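K.L.:
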Amino acid sequence: MKLVLTTEQQELRQAVRGFLAAASPLPAVRAAMESDGGHDPDVYRRLNGELGLSGLIVPEEHGGSGAGYAELAVVLEETGAALLPGPFLATTLAAILLREAGDKELLPGIADGSTVATVVLDGNRALNGAEADVVLSIDGDRVRALRGGERTPLTTLDPTRRQALVEPGGDVVAASAEGIARARDLFAVAVAAEQLGVLRASLEAIVAYGKVRVAFNRFIGSYQGVKHRLADMHCKLEQAESIVRHAAWAADEAPDELAGAAALAQAYVGRACFEVARDSLLLHGGIGFTWEHDAHLFYKRAKADEVLLGPPRIHRARLADLLEL
Amino acid sequence: MKLVLTTEQQELRQAVRGFLAAASPLPAVRAAMESDGGHDPDVYRRLNGELGLSGLIVPEEHGGSGAGYAELAVVLEETGAALLPGPFLATTLAAILLREAGDKELLPGIADGSTVATVVLDGNRALNGAEADVVLSIDGDRVRALRGGERTPLTTLDPTRRQALVEPGGDVVAASAEGIARARDLFAVAVAAEQLGVLRASLEAIVAYGKVRVAFNRFIGSYQGVKHRLADMHCKLEQAESIVRHAAWAADEAPDELAGAAALAQAYVGRACFEVARDSLLLHGGIGFTWEHDAHLFYKRAKADEVLLGPPRIHRARLADLLEL
Amino acid sequence: MDLEDYRQRARAWLEANAPGDRAEGTPDENGVAAAKAFMAKLYDAGYSGITWPQRWGGQGLTQAEERAFAAEAARFTLPTYVFSIGLGMCGPTLVDLGTDEQRGRFIRPLLRGEEIWCQLFSEPGAGSDVAALQTRATATDGGWVVDGQKVWTSVAQHADRGLLLARTDVEVPKHKGLTMFVVDMHAPGVTVRPLRDMTGRAHFNEIFFDGVHIPAENVVGRVGDGWSCAVTTLLHERLSISSGVGMGGQKDNPVAFEALRTSVDTGDPVVRDQLVELYVRSRALALFNQRLAQETKAGIFPGARGSAAKLLLAELTMFQADLATSLAGPEAVAYPGEGGAGGGLANAISLAPAMALGGGTNEIMRNIVGERVLNLPPEPRTDKNVPFKDLKTSGGLPS
Amino acid sequence: MDLEDYRQRARAWLEANAPGDRAEGTPDENGVAAAKAFMAKLYDAGYSGITWPQRWGGQGLTQAEERAFAAEAARFTLPTYVFSIGLGMCGPTLVDLGTDEQRGRFIRPLLRGEEIWCQLFSEPGAGSDVAALQTRATATDGGWVVDGQKVWTSVAQHADRGLLLARTDVEVPKHKGLTMFVVDMHAPGVTVRPLRDMTGRAHFNEIFFDGVHIPAENVVGRVGDGWSCAVTTLLHERLSISSGVGMGGQKDNPVAFEALRTSVDTGDPVVRDQLVELYVRSRALALFNQRLAQETKAGIFPGARGSAAKLLLAELTMFQADLATSLAGPEAVAYPGEGGAGGGLANAISLAPAMALGGGTNEIMRNIVGERVLNLPPEPRTDKNVPFKDLKTSGGLPS
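Residue numbers (this note's numbering), protein chains in the order written: chain V, 1 to 325; chain S, 1001 to 1325; chain W, 2001 to 2399; chain P, 3001 to 3399.
#1: For the candidate residues W:Ile2050, W:Leu2014, W:Val2146, W:Arg2161, whose alpha-carbon lies nearest to that of W:Ile2085?
#2: Suppose the cutoff is 7 Å on Cβ atoms and the five residues either side in sequence are ignored; what does the same chain contact list for V:Arg278 look like?
#3: Should S:Leu1309 go down as buried or exposed, given a rule of 16 or more other Cβ atoms within 10 Å for buried?
#4: With C-beta atoms as the reference, is P:Leu3287 less than 8 Å away from V:His315?
#5: Would you say S:Cys1273 lies against chain W (beta-carbon separation less than 8 Å)?
#6: Just the C-alpha distance for W:Ala2352 and W:Tyr2335, rounded to the nearest angstrom, thanks.
#7: Who are the neighbours of V:Lys104 on chain W, taking C-beta pairs under 9 Å?
#8: By a C-beta neighbour count over all protein chains shown, 10 Å radius and 16 as the cutoff for buried, is P:Asn3030 buried or exposed?
#9: Can P:Ile3349 be considered in contact with the ligand MG, in the sense that its beta carbon sits closer than 7 Å to one or more heavy atoms?
#10: Answer yes or no: does any C-beta atom of chain P fall closer than 8 Å to that of V:Gly221?
#11: Quick check: what's the CA-CA separation for W:Gly2249 versus P:Ser3350?
#12: Per DSSP, what kind of secondary structure is S:Gly1149 in: helix, strand or coil?
#13: So for P:Phe3208, helix, strand or coil by DSSP?
#14: For chain S, find out if any of its Cβ atoms is closer than 8 Å to the Cβ of V:His234; answer yes or no.
#15: Could you tell me the boundaries of the alpha helix (DSSP H) in which S:Leu1230 lies?
#16: Which one of V:Val173, V:Met33, V:Val244, V:Ser54 has the shortest CA to CA distance from V:Ala259?
#17: What is the rounded straight-line gap between the Cα of S:Val1116 and the Cα of P:Met3198?
#18: Please state the DSSP three-state secondary structure of W:His2203.
#19: What residue ranges within the stretch 1102 to 1187 of chain S form continuous alpha helix (DSSP H) runs of no fewer than 4 residues, ordered along the chain?
#20: Could you check how far apart the C-beta atoms of S:Pro1085 and S:Val1119 are, in whole angstroms? I think they sit under 8 Å.
#21: With P:Val3280 as the anchor, note down where its beta strand (DSSP E) starts and where it stops.
#22: Starting from the beta carbon of P:Val3270, find every residue of chain W whose beta carbon is closer than 7 Å, and list them in chain order.
#23: Under the three-state reduction of DSSP, which class applies to W:Pro2254: helix, strand or coil?
#24: For the alpha helix (DSSP H) containing W:Asp2390, name the first residue and the last one.
#25: Secondary structure at W:Glu2078, three-state DSSP: helix, strand or coil?
#26: Enumerate in chain order the residues of its own chain whose CB-to-CB distance from W:Gly2246 is below 6 Å, with the five nearest sequence positions on each side excluded.
#27: If you run the structure through DSSP and keep just helix, strand and coil, what is V:Arg45?
#28: Tell me P:His3213's beta-bridge partners as DSSP assigns them.
#29: Could you please tell me which residues of the stretch 207 to 218 of chain V, in chain order, have their CB closer than 8 Å to any CB of chain W?
#30: Just mark S:Pro1027 as buried or exposed, buried being the case when its beta carbon has 16 or more other beta carbons within 10 Å.
#31: Taking the straight line between their C-alpha atoms, what separation do you get for S:Ala1320 and W:Leu2345?
#32: Taking only beta carbons into account, state which residues of the stretch 3381 to 3395 of chain P come closer than 8 Å to chain S, listed in chain order.
#33: Could you tell me which uninterrupted alpha helix (DSSP H) segments, each at least 4 residues in length, are contained entirely in the stretch 2317 to 2375 of chain W, listed from first to last along the chain?
#34: Please name the residue in S:Ala1081, S:Ile1220, S:His1296 whose C-alpha comes closest to that of S:Gly1018.
#35: Could one say the Cβ of P:Trp3152 lies closer than 8 Å to chain S's Cβ atoms, at least one of them?
#36: Going by the CB atoms, is the gap between P:Pro3194 and P:Gln3149 shorter than 8 Å?
This is the structure we're talking about:
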């Protein structure tokens, strides 16, 4: 089991983190979320081009880098921490589904960044469903893909990432019961990696604030009422990171462990992420309730992510089944 | 709905509290729990004689005072807070059962303090089963009473109150399906009243300690790490007291509300009592882990009370049924 | 007059005069005009300022009449929101501490709804620690000049007058250099800007003071005595808030127990158990509030124990919005009318933090319960005897 | 010698020499004699003090050999408990800070199990705040005289020597007036009394010093420098504890997930969901501990992050004992062999607080994580520059 990043993975993290800090800091996130398209195409061009992230997990024969899910988890943690707007997660979920189900046609377009794709997760709802070129849907053991079709944008809780009602269907582009089952587990791992980033950034924000905000002539981080909560939040971060690393390792190296690790990841990290984002917002005091402060963006993303793959209890129920309880 | 004590009830509380503080302070509780009989007969003689508590809820026609359950709750809160050893609760549960099921024979002996009784709560287990003169058991819609029979003392978690395996059975002394159902709800209210006392005393102990114990040149109660937990514990106390008052009022005045109020009382107060006793012990630091300190006596009583009437989930399940969920 | 007569007449008046349409939150310009018109009728009928002194325009009656009227009024939704700060906090402060000249000038127009009031204490750098405020009032010919910024101000966009707390001396410890003023919100240099909160709406305002002149006769209490004046105001605030704490607002709340029991799948035993948890917490707090109310009626003042109820309400509000969204799953995030089935859940989870932040954070509530109910020792204070100008400020933050 | 060879030889030695019976906790007199005999064999075979300097009796090998031996030894239960304080804390402190004369006298007998050591820091009035200790050492002819009381001392009833922290100057601030000593536990005036804990057993002792003489050459480090010596000892303690933190001890634990899954009714969906919660928390902590271990192997020292693992273990220990007893219901409270079916549950709930109290309370762990991992500002300290004799003490408490 490998729970510590390799040197290469650390370099990948630094590269993505550095890029996002420069190209998509929170003021730019706000500008993007209020723009028509909901994200900055220029950031995506560089993300997919210079950093090659659209092709990260696409096999080399389809024009990607063929990296592992451990690398993907590193990247999603950073895009989560930066609240990167737009279809990055949506296209990533699509890439996971196509890779696992054995697609040949669509992956090259995803790898070179020319295709924005999404996956129908819940009846007819999809992340970035209005912006996607291709909508994938799961139909039994087949994957269907539809270009066009009806799209109805939704106004949702999370202003940094859009959703839409879409039409599932289209041509069959791949078929594999096993691949699709694996993809569903990998969705859970991918979302957990993003949640880990949201959790970490929420904690970092309130830790930083605790060192500069003064009340009653003391930094608020010196009060145990704040300090002890932050310590508890740090404990959640440590555990969440361990769980995500383990799940990503299992995805790459231990297929038998993947289902359990993925269900654990959603059962633990989804909840921890919302709790930390919530407490971070609350401990900011009144300013955390303002639109101008960023705390609410993390809080809303955390709640949207927690329910993205279904009510949280389904992950716990799956865990119970896998444990044969 | 009456959630505030009357002047008479306040006087009753003061009388019982004053008596127990003088006659059964914690050092005396320790002496009693290590004695052969597990309690001090002299304390019981005065409790039943001077204060008339054995006859409190026994109807006047059977030699008691015919007081209400609101008065009983006041008394049980005090005996709980004092961790009174011995069969007070056991005999009280027996009195409740006999009163509700319409007994004529046994109540006078209970009222005058000459009969120690108990009720089989769980198969063949009874509080103070070894010391009781009479063991009551519920057999369908009938109440049976057995003098003698086999008694096997148990060593249990709670050193301040004993349990034994007993033999259910004996003669039928009363019969009333409705009375027995009501008695079961009243058991929940009675135990909750005792738990309220245990909760209150646990909180008072750690609040007092927070004002005298020094660490790093400050009273530990001045640290928010302690203070904020005590504030949360106080919130539990306020809610627990409100729930117990309501349940006791319902027992006397609003029979239709009794079942729901009783299930609520066990669902809330049992948990709150253990949590407060646990946190009180932990916040005492190392001294709280010693046998010589009293914190563990409250902690153990709290856990023993929490499971006395069954695993706590049964009260929640009953609440769900009553709410027609 | 007999109390029952009083109640009957109040009911008759309300039935004849209360507007039928529902009014919620801050109204627009037209709504304000209508609200002022209603308030004038209410005053003229003798139902505004029922317990306030007759000399200043009140009715001089007792709590009994006040409660009787309130009980009848509870059946209507009266458009009195824009007057609530004036009636609940500013007016009572002036009755307690104002000069006769101030009482004569301000109270009758306040009670008759001719002038709307707001309260100007909080600042970006002074939230929990109100006495750390930085808005300066500098003595000048015949009065004072004010510069600074206030925040979290309700109804300021419609306000004619404000009760302002400002610093008049930085050389003394922070609690000793404050003064309270009545400020004309239409005076030159006053700018009111709506403050958008995390729900995307503007319930509050920011107020900027840029060289605003206040005449000397508008000082409330004594110069340098502003902190004890503010404590009076905050006491009135707490009373008016705590009287509203309870199960109120749960009736139409999409995340409260009664709504969830019909909207979620109670066939799942785990879901059912979570609903039981919500019921238990809701009932526990409701019964506690009812007990406090019964004690109050019996003459036992709840005091700081009301802060325990406020803390519990903040936690319950967050718990139920969190639970409801978690139970609903993906549908929870869509706003209604957008093809989503989320109903009010997205709004509820957006609004949930408000209860934990307005009127004192959970941490402040825990301090109050710990120190004033349980009498635990206070934190060591380093700001009591230091000149204000030497105190720490929040580095790198607007203040 | 090749590492694999070393490991093979260690395995062979252990298979030939490790006692077969299970040894747990503090042994009785006979057990101590057996333990000492085993320790002598272990030392003579070269497996005690593997990384300690050869000059003082160690083997002078590296962490690699130490880990190889530990990995093999983990398959046995060696009777080394009574030596753990000496090997983990006292010995390493003397290696770091002792005089050559002290190292020569004490270390070889310690490694060979001839002398058992205990550590004497904590006092009734000085728990989390160790530096507040009150035991006095007064200078006298050729040495010191000690009076006072220590508490929470493991293995003291068998100890030959103790590492003592005592106050030698009350006129200076509390951290500056301490001195560390080696004390002979058989000296006149030393009384060891077993301390009964809430489980009813005596895992610890209280030690009373009544005019105990300590020769001058037994001062460790410099007079007045005891606090920094104690920090060295506590650092070694933390290292030896944190290396043991993990899922250890869960295998035969009646309240851990694997035991509960077979003992409770998983047909009830609510019970099943609570078991899932236990599994999630247990796995979360186990994976965190494994990540810390992997980081340590990779040369990343966990430092204060180990306190997060300790805090989580304390919470998990309480959570699972509480859950197991709640699920079991009335049967949970009976001790086994008493006609009750409670198995180890009553014992587990009695023992559960220990993990949250030993080795630093949860509050101290949160302070450490907050200040040393997150670098949050410390509490204002009022005890840094005040003479010890002027500090507050716990009123009305034995100290």
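Yeah, the Cβ is synthetic: ideal placement off N, Cα and C, and Gly gets one too. Being a predicted model, the structure only gives us computed values, none of them experimental.
P.N.:
This is what the structure holds:
#1: If we check each option's Cα against that of W:Ile2085, W:Arg2161 comes out closest.
#2: Short of 7 Å from the beta carbon of V:Arg278, and not among the five residues preceding or following it, lie these beta carbons of its own chain, in chain order: Tyr299.
#3: Taking all protein chains shown into account, S:Leu1309 has 16 or more neighbouring C-beta atoms within 10 Å of its C-beta and is therefore buried.
#4: Pairing P:Leu3287 with V:His315 gives a Cβ-Cβ distance that is not under 8 Å.
#5: Not flagged as an interface residue toward chain W: S:Cys1273, since no C-beta distance is shorter than 8 Å.
#6: Approximately 15 Å between the Cα atoms of the pair.
#7: Ordered by position in chain W, no residue passes the 9 Å Cβ test against V:Lys104, which lies about 31 Å from the chain.
#8: Exposed, by the Cβ-count rule.
#9: The ligand MG is absent from the structure shown, which contains no ligand whatsoever.
#10: Output row for V:Gly221: interface = yes.
#11: For W:Gly2249, the pLDDT reaches just 43, beneath the cut-off of 50, and the residue's location in the model is therefore unreliable, although a value from the coordinates is still provided. So the alpha carbons of these two residues sit roughly 44 Å apart.
#12: Of the three classes helix, strand and coil, the one that applies to S:Gly1149 here is coil, per DSSP.
#13: Under the three-state reduction of DSSP, P:Phe3208 is assigned to strand.
#14: V:His234 does not count as touching chain S.
#15: Looking at the DSSP string, the run of the alpha helix (DSSP H) that includes S:Leu1230 is 1224 to 1253.
#16: Of V:Val173, V:Met33, V:Val244, V:Ser54, the residue nearest in Cα terms is V:Val244.
#17: A direct Cα-to-Cα measurement between S:Val1116 and P:Met3198 gives close to 30 Å.
#18: DSSP places W:His2203 in coil when its eight states are reduced to three.
#19: Along the length of the stretch 1102 to 1187 of chain S, whole alpha helix (DSSP H) runs at least 4 residues long occupy 1107 to 1111, reported in chain order.
#20: Wrong, their Cβ atoms sit about 18 Å apart, outside the cutoff.
#21: For P:Val3280, there is no enclosing beta strand (DSSP E); the enclosing alpha helix (DSSP H) has its first and last residue at 3269 to 3297.
#22: Those within 7 Å of P:Val3270 in chain W are Pro2269, Val2270, Asp2273.
#23: In the three-state DSSP reduction, W:Pro2254 falls in the coil class, being neither helix nor strand.
#24: No alpha helix (DSSP H) contains W:Asp2390, which DSSP labels as neither H nor E.
#25: A small correction: the amino acid at residue 2078 of chain W is Leu; Glu does not occupy that position in the sequence shown. It is coil, neither helix nor strand.
#26: Here the model assigns W:Gly2246 a pLDDT of 34, short of 50, so the residue's position is not dependable, and the following value carries that caveat. Cβ neighbours of W:Gly2246 within its own chain (closer than 6 Å, five residues either side excluded): Asn2289.
#27: Residue state, collapsed to three classes: helix.
#28: Answer is P:Val3145.
#29: For the stretch 207 to 218 of chain V, the set of positions with a beta-carbon nearer than 8 Å to some beta-carbon of chain W reads Val212, Arg213, Val214, Ala215, Phe216, Asn217, Arg218 in chain order.
#30: Flag for S:Pro1027 reads exposed.
#31: Taking the Cα positions, S:Ala1320 is about 23 Å away from W:Leu2345.
#32: So the list reads Arg3381, Thr3382, Asp3383, Val3386, Leu3391, Lys3392, Thr3393, Ser3394, Gly3395, given in the order they occur along the chain.
#33: Within the stretch 2317 to 2375 of chain W, the complete alpha helix (DSSP H) runs of at least 4 residues are 2345 to 2351, 2353 to 2357, 2362 to 2368.
#34: The shortest CA-to-CA distance from S:Gly1018 to any of S:Ala1081, S:Ile1220, S:His1296 is the one to S:Ala1081.
#35: Using a CB distance cut-off of 8 Å, P:Trp3152 counts as an interface residue toward chain S.
#36: No, the Cβ-Cβ distance between P:Gln3149 and P:Pro3194 is not below 8 Å.
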